[in-house]
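Asks: Can you read through this structure? Questions will come right after.
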Amino acid sequence: ILLVPYGSMTYDVIGRAKNAREWRVEYVVVRELWLNAGRICSILSFLCAVLFFPPEKSLPYLLCILGAGHFLIYFAVKNVKYDGENADKTSVVTQGTTQNQTEPEG
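Counting from 1, one number per residue, gives the positions in the sequence shown under full-length UniProt numbering.
Following this line, the structure appears as structure tokens:
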């Protein structure tokens, strides 16, 4: 429920960013680094909770703490705005490419 709209918004912001055409790969790589860093932190905290505390008591607290991240994402993305002059532009500029279309034989 959260990943699809967040990913779509991220790619829209990347497409409208400064030097988006030249830097789009770097923008996506940085996005993936942060996503994977969050996954690693979640897995490590899960392993620590299971190893050092009784799972019956630690997992409900861990799920509440990690689940609060979804709530906190709202505050991080609520101020993301698109400027009006770029609202009608596509995210990725495909300048200089043409599709090779041929007529069917017969």
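We treat Cβ as the ideally placed atom computed from N, Cα and C, and that holds for glycine. Bear in mind the structure is a predicted one, so any value in this text is a computation, not a measurement.
Could you have a look at V80 and say whether DSSP puts it in helix, strand or coil?
Replies: Looking at V80 - three-state DSSP - the assignment turns out to be coil, as it is neither helix nor strand.
Asks: At what residues does the alpha helix (DSSP H) containing R21 begin and finish?
Replies: It spans 20-52 - the alpha helix (DSSP H) in which R21 sits, taken as one unbroken run.
Asks: How is L62 classed by DSSP in three states: helix, strand or coil?
Replies: Looking at L62 - three-state DSSP - the assignment turns out to be helix.
Asks: Quick one: measure Cβ to Cβ for Y27 and I73, integer angstroms, because I've assumed they're closer than 8 Å.
Replies: About 18 Å separates the two Cβ atoms, so there is no contact after all.
Asks: Just checking my contact of T10 with R31 at CB under 8 Å: how many whole Å lie between their CB atoms?
Replies: Confirmed, about 6 Å.
Asks: Using three-state DSSP, classify A68 as helix, strand or coil.
Replies: Looking at A68 - three-state DSSP - the assignment turns out to be helix.
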